[in-house]
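Undergrad:
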Amino acid sequence: MFQNYLNVALRNLIKHKLYSAINIIGLAVGLAACILISLYVRDELSFDKFWSNANNIYRLQTTFKIPGREPFVTVMAQGPSKHALKEYFSEDIDKVTRFNNMNTILRYKGGVYSQEMMWTDPETADMFSFDVVEGDIHKALHDNASLAISQSLAKKYFGDEDPLGKVVTVNVHRLQRDYRVAAVFKDLPHNTVLKFDALAMIDEKDFAQEPWEFTQWFSVNNYVYFTLKPGVNIARVNDQLAAFTNKNITMPSAITGGQKRDASSFITYDTLALPDVELHSPRSGMEMKAAGSLTTVIIFSAIAGLILLIACINFMNLATAKSTQRAREVALRKVLGAKRGQLVLQFIGESVFIAAIGLVLGFVLVELALPAFNQFIGKDMVFNYGDPVVLLLLVGLTVTVGVLGGAYPALVLSGFLPARVLKANKSAETSGSMRLRSVLVVVQFSISIALIIATGVVYGQKLYATNMNPGFNKDNLLVIHNVGRTGARDKQEALKQEILRMPNVTSAAFSDDTPGTSDENNTSVKVPGSETDQSILLGVQNVDYDFLKTYQIKLLAGRNYSRDRTMDGVPDGSKAKDGEMLPGTVILNVGALRRLGFGTPKEAIGKQITMGIAGPNGKPAKTLMTVIGVIPEIHFQTLKNMLRPEMYLYRSHSPFDSLTVRFKGNPEALIKRIEGTWKSMITTVPYEYDFVDQNLAEAFDREANTSILLGIFSGLAIIIACLGLYGLASFTAERRTKEIGIRKVMGATVFDVVRLLIWQFSKPVLIANLIAWPVAAYGLMRWLQNFPYRLDSWYLVPCCIAAGLLALLVAWVTVGGNAAKVARANPIKALRYE
Amino acid sequence: MLKLHNLSKVYRTDEVETVALNSVNIEIEHGEFVAIMGPSGCGKSTLLNIVGMLDTPSSGEYWFMDEDVAGYSEAKLGNIRKQNIGFIFQSFNLIDELTVAENIELALLYHNIPASERRDRVAHVMDKVGIAHRAKHMPSQLSGGQQQRVAVARAVVGDQAMILADEPTGNLDSAHGQEVMEMLQSLNEEGTTIVMVTHSPAHADYARRTINLFDGHVVTENLRAAV
């Protein structure tokens, strides 16, 4: 019996090569896409679950609520919060540690390298279960001259030599010290939000000159993690965070505008469990490495499900369509004594068999695609066949698909009355199954069209964001970093002059930040004589007098800083006498004018503001600055940030962190040339550069990747849907041969017939558009809300129409080829025998 | 009306060459009613297909209304066909998904005739063949005889000069068969040329001339006085 079933199944597969291929390939591609996306989702969900006490590690996160601005959400906390947490929550919190990433200059055996290192507290060794391969990480983190490094870092600097005991010289800020390697740990796996290759112990004394790193309450530079004492619920901590804030932080009256206000109305904390960081980070770009997002995981899970659904629909459609051709076989089997149950089993068995072939082919596709997929999303996932959960899921999936695809035809066919089928000698297809097929085709195309629209909009948003005019000319700008470091800062002006003399350099300007940064630097100012006497917080950019020229920013009113006017810019507070108000000048952007109530740019010129500066011996001093120029609002920060009111301050007496060079033509020769000059002038600091336009675009890498992945998967969806459509069309054409024959005898031309068939399949696609458009538009409009600068909603209209036309076109091409073939056939054959 | 001269049709498959028609010479005048008879496989249907321009001869001449159409392209043949020839089949060949009226209208659909005129002509022929009360029914709801009447109506609605009938009574009982034959006869009396393939000598008697085919040859031609 089984042998007979298998024979029939195999012969049917071979006889109907087209259907078999469509079924199997469609299902294989669908399953492969589904498996790949499942791997990705599983991986995202696996983040930071491997630490031995993963469930007891939490992070403290700070949000600054600056009046008149969007809240500044961070994933970090202030340096002093460590001690404050220990003290305030002595009953609840067990251990607290900080991570503070610094870009150091590392010297080893005559080489000078730029090296990121993580400063951390000794508690890190107790809280995180590192895989230590050599040395003792506890000892390393309890000694301010020891390092714990990763295996790959050890390989980078020491090759195959034993890294333990090796000594490197590290320089950051004013700290310069020889560090000894005391521990080597295995590289962190990719599924953690932590990212560092070197750990050094925080000794707060080392950074006494840089209070913002570890000792200020108004700077956030530390990722602060803590563990709870046994039996303590995190809710207990969360409930007391406001009180904790008020006890530890006093808001300066400059910010509260002289009123007495609780710190908790300006600074709020929240906690996040370590395993939740990857998918729930409030600010992915501020993590040690870009975190994933729950939305992406949900979107791609949905896409996996939809692709599989499309493949299953193909499976069902083709199975029901084809099955009617087997009505005679069923009728004969019945006449010869087969029971209905046996027939149902035969058909379902056959369809599960085909699904199984699809699954095996799907595995092959996964293996082929996985390396590229891994590389693209920056993971190293493996498909583990031995995993019982995965296997069970896949076998379950295959059986489900098989049963779903086989059940309908099995039940319908086995219900035919054999006498009728045999006598009429024709396929007794019910109108019900035809209607079902049409509905399923509509579903497939709705999904495909919605995916195409989504791809278009995500890509459009990416293009929009990266091509958005930032307010300055972002092209042909080279940024040279490290110019403010010890060893380079004294020579930065000479370096600039050297570079200005090089060919193809049109101008160069110093600034602390360069475009694309998400760093926040704010200062409060006051308008003297204003009624409220309130402080207003303004963003700060430190720039020199060539800044506007180099970035090609036009003044709306007033003048630029001039190197010839010694009084221009922020005065040097160290020369201030007690209580003296030093004069200075300032350039503001339009946003700052609005915040200060200075009217139009022309009206603002000559108005004055006061601002605190560092006075003699670190005592506070004040300056009264006159507005000399107004510029438009420019996107100097990352394009993902909202525009903010800003001052562009010129401090002639302090060095800058970076130098921006505007060049003409190909920059390669210039980069080499500058490197040569750099190396001849500066020996203790490595040469580093990048480009402004690339930095700005980098913030949108995630959107770029998402749009490419969406494109690939929506392409797959529509290919699978079209495979199905092709199968259905050829089936329908076959079923309608007689009708086509009659029409041709009646005088229909090939074109008439092709049009007839194409129209039959255009209807479901057109209906699919009506369903897909509103659904996709609604979803995408919500998605666009995530971006402060986004495409207009009307952009969805051409997107929808284009997607609809594309789907229609693809459907026409799919159906048309087949239809033309059928239409050209000689009608005699169709009409002789029914 | 038409004249076949030394017309042959050879079917070739990979190994076998089958001669379906061998140098056939036939002439049919305007307004004739011709029956073609012969055993299975003698070439009757091939002859009818070629006459109906659904197939092309392998060699020889086919003069239709003073034109040698033997070498014409499919599209050209299609045009001549739809202007001049109506078809009736043994198995009716109605489209199951269309109503009686729509099936009949099909013959006008590809002729650039406005919808209102199509409606009038369809209604007229339905009256003529006595099927008007079934206009909205589907073919599957009709008896065989009624279906063939619909097919006849479809063959004449376009006012074609010639009707080719391929065993029009083959699937009908004798009463219905006779009904259809009478209908064809009255059409012939109104001037339509009719060429009919049949197995039934009784029905062949309705024709004025019978052509007997055997193995691709014309064996005899009998001329009869009108019944």
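Keeping their order, the protein sequence lines are chains V and E. Per our numbering, residue 25 is the first one in the first sequence, and the count goes up by one each step. Per our numbering, residue 1056 is the first one in the second sequence, and the count goes up by one each step. Positions of the beta carbon are idealized from the N, C-alpha and C atoms, including for glycine. Small disclaimer: the values here were computed from a predicted structure and weren't measured.
#1: Counting only beta-carbon separations shorter than 8 Å, does S451/V have a partner in chain E?
#2: Along the chain, where does the beta strand (DSSP E) containing L673/V start, and where does it finish?
#3: Could you tell me whether the Cβ of G1232/E comes closer than 8 Å to any Cβ of chain V?
#4: Can you tell me the Cα-Cα spacing of G630/V and P595/V, whole angstroms?
#5: Between L1109/E and G1271/E, how many whole angstroms is the CB-CB distance? I'm expecting something under 8 Å.
#6: Would you mind stating whether K1191/E and T1154/E have Cβ atoms separated by less than 8 Å?
#7: Check H1060/E in the structure and name its three-state DSSP category.
#8: Which chain E residues sit within Cβ distance under 9 Å of A772/V?
#9: Please list, in chain order, the chain E residues whose beta carbon lies closer than 9 Å to that of P851/V.
#10: Could you check if Q27/V belongs to the surroundings of the ligand GTP, using beta carbon to heavy atom distance under 7 Å?
#11: Suppose you measure from the CA of H659/V to the CA of N719/V; what does that come to, to the nearest Å?
#12: Reducing DSSP to helix, strand and coil, say where I1150/E ends up.
#13: Between which two residues does the beta strand (DSSP E) carrying I1266/E extend?
#14: Going by the CB atoms, is the gap between H1060/E and G1141/E shorter than 8 Å?
#15: Can you list, in chain order, the residues of the segment 750-765 of chain V whose Cβ is nearer than 8 Å to any Cβ on chain E?
#16: In whole angstroms, give me the CA-to-CA distance for Y674/V and I736/V.
#17: Using the three-state DSSP reduction, which class does V594/V fall into: helix, strand or coil?
#18: Does Y181/V come out as helix, strand or coil in the three-state DSSP assignment?
#19: Distance, Cα to Cα, F1147/E vs I732/V?
#20: Between which two residues does the beta strand (DSSP E) carrying I577/V extend?
#21: From which residue to which residue does the alpha helix (DSSP H) around F43/V run?
#22: Which residue or residues does DSSP assign as beta-bridge partners of T1066/E?
#23: Could you tell me the distance, in whole angstroms, from the CA atom of D537/V to the CA atom of Q516/V?
#24: Report the neighbours of D776/V on chain E: residues whose CB is nearer than 9 Å to its CB, in chain order.
#25: For A1130/E, go through chain V and note every residue whose CB falls closer than 9 Å to its CB, in chain order.
#26: Relative to the alpha-carbon of W75/V, which residue among D568/V, L683/V, P299/V and D116/V has its alpha-carbon at the smallest distance?
#27: Return the Cβ separation of A266/V and S288/V in integer angstroms, given the expectation that the two are a contact with Cβ distance under 8 Å.
#28: Can you tell which of A721/V, Y711/V and L42/V has the C-alpha that lies nearest to the C-alpha of A512/V?
#29: So for N80/V, helix, strand or coil by DSSP?
#30: Assuming A728/V and T662/V make a contact with CB atoms under 8 Å, what is their CB distance in whole Å?
#31: F1142/E versus chain V: which residues are under 7 Å apart at the beta carbon?
#32: Would you mind giving the Cβ-Cβ distance between S682/V and S535/V, rounded to the nearest angstrom? I have them listed as a contact below 8 Å.
#33: Can you list, in chain order, the residues of its chain with a C-beta nearer than 7 Å to that of E140/V? Leave out the 5 residues immediately preceding and following it.
#34: Is Q485/V near L820/V, with beta carbons less than 8 Å apart?
#35: Could you check the C-alpha separation between W797/V and L318/V for me, to the nearest Å?
#36: Taking only beta-carbon atoms, is A844/V less than 8 Å away from chain E?
TA: The relevant details are as follows:
#1: The residue given as residue 451/V occupies position 427 in the first sequence. Residue placement at S451/V cannot be trusted, given a pLDDT of 47 that sits under 50; the coordinates are not used to answer.
#2: Locating residue 673/V in the first sequence gives position 649, counting from the first residue. Element bounds for L673/V: E670 to L673.
#3: On the second sequence, residue 1232/E is found 177 positions in, with the first residue counted as 1. It does not; no Cβ of chain V falls within 8 Å.
#4: Translated into positions along the first sequence, residue 630/V becomes position 606. Translated into positions along the first sequence, residue 595/V becomes position 571. If you take the alpha carbons of G630/V and P595/V, they lie about 17 Å apart.
#5: In the second sequence, the residue the question calls residue 1109/E occupies position 54. In the second sequence, the residue the question calls residue 1271/E occupies position 216. Actually they are not in contact, since the Cβ atoms of L1109/E and G1271/E sit about 18 Å apart, beyond 8 Å.
#6: Here residue 1191/E corresponds to residue number 136 of the second sequence, with the count starting at 1. Here residue 1154/E corresponds to residue number 99 of the second sequence, with the count starting at 1. Yes, they are a contact pair.
#7: Sequence index remark: in the second sequence, residue 1060/E carries index 5 (1-based). H1060/E: strand per DSSP, three-state reduction.
#8: Within the first sequence, residue 772/V is the residue found at index 748, counting from 1. Those within 9 Å of A772/V in chain E are G1133, K1137, L1161, L1164 and Y1165.
#9: By one-based count along the first sequence, residue 851/V stands at place 827. Result: L1109.
#10: By its list of ligands, the structure shown contains no ligand whatsoever, and the ligand GTP lies outside what it can speak to.
#11: Locating residue 659/V in the first sequence gives position 635, counting from the first residue. Locating residue 719/V in the first sequence gives position 695, counting from the first residue. In a straight line, the C-alpha of H659/V is about 12 Å away from that of N719/V.
#12: Within the second sequence, numbered from 1, the residue matching residue 1150/E stands at position 95. In the structure shown, I1150/E sits in coil (DSSP, three-state: anything other than H, G, I, E or B).
#13: In the second sequence, the residue the question calls residue 1266/E occupies position 211. Element bounds for I1266/E: R1264 to F1269.
#14: One-based indexing of the second sequence puts residue 1141/E at position 86. One-based indexing of the second sequence puts residue 1060/E at position 5. Contact flag unset, no.
#15: K762, E763 and G765
#16: In the first sequence, residue 674/V corresponds to position 650, counting from 1. In the first sequence, residue 736/V corresponds to position 712, counting from 1. Y674/V and I736/V: Cα-Cα distance of roughly 49 Å.
#17: For the purposes of this step, residue 594/V is taken as the residue at position 570 of the first sequence. In the structure shown, V594/V sits in coil (DSSP, three-state: anything other than H, G, I, E or B).
#18: As a first step, residue 181/V is located in the first sequence; it is residue number 157 there, counting from the start. In this structure, Y181/V counts as helix in the three-state DSSP scheme.
#19: Translated into positions along the second sequence, residue 1147/E becomes position 92. Translated into positions along the first sequence, residue 732/V becomes position 708. Approximately 56 Å between the Cα atoms of the pair.
#20: As a working mapping, residue 577/V is identified with position 553 in the first sequence. Run containing I577/V: none; DSSP gives neither H nor E here.
#21: For this step, residue 43/V is matched to residue 19 along the first sequence. Residue identity differs from the one stated: residue 43/V is Tyr in this sequence, not Phe. Element bounds for Y43/V: K41 to L69.
#22: What you label residue 1066/E is simply residue 11 of the second sequence in a count that begins at 1. For clarity, residue 1066/E is Tyr in the given sequence; the question names Thr instead. Beta-bridge pairing links Y1066/E to T1073/E.
#23: To locate residue 537/V, count along the first sequence from 1; it is residue 513. To locate residue 516/V, count along the first sequence from 1; it is residue 492. Those two C-alpha atoms are separated by around 16 Å.
#24: Your numbering for residue 776/V matches position 752 in the first sequence. Residues of chain E passing the Cβ test: L1164 and Y1165.
#25: Looking up residue 1130/E in the second sequence gives position 75. Near A1130/E (Cβ distances below 9 Å), the residues of chain V are T773 and V774.
#26: Reading the first sequence from its first residue, position 51 is the one you call residue 75/V. Comparing Cα positions, the closest option is P299/V.
#27: Numbered from its first residue, the first sequence carries residue 266/V at position 242. Numbered from its first residue, the first sequence carries residue 288/V at position 264. So it is a contact: roughly 4 Å between Cβ atoms.
#28: Counting from 1 along the first sequence, the entry for residue 512/V is found at position 488. When each option's Cα is compared against that of A512/V, the closest is Y711/V.
#29: Position 56 of the first sequence, counted from the first residue, corresponds to residue 80/V. Helix.
#30: Working through the first sequence from its first residue, we reach residue 728/V at position 704. Working through the first sequence from its first residue, we reach residue 662/V at position 638. With 8 Å as the limit, A728/V and T662/V do not qualify as a contact, their Cβ atoms being about 15 Å apart.
#31: Start at 1 with the first residue of the second sequence, and residue 1142/E comes out as number 87. Result: V769.
#32: Indexing the first sequence from 1 puts residue 682/V at position 658. Indexing the first sequence from 1 puts residue 535/V at position 511. That pair is a contact at about 6 Å.
#33: The residue given as residue 140/V occupies position 116 in the first sequence. Here the set comprises N125 and N127.
#34: On the first sequence, position 461 is the one that residue 485/V refers to. On the first sequence, position 796 is the one that residue 820/V refers to. It is not a contact, given that the beta carbons lie outside the stated cut-off.
#35: On the first sequence, position 773 is the one that residue 797/V refers to. On the first sequence, position 294 is the one that residue 318/V refers to. Those two C-alpha atoms are separated by around 24 Å.
#36: Indexing the first sequence from 1 puts residue 844/V at position 820. With 8 Å as the cut-off, A844/V does not count as an interface residue toward chain E.
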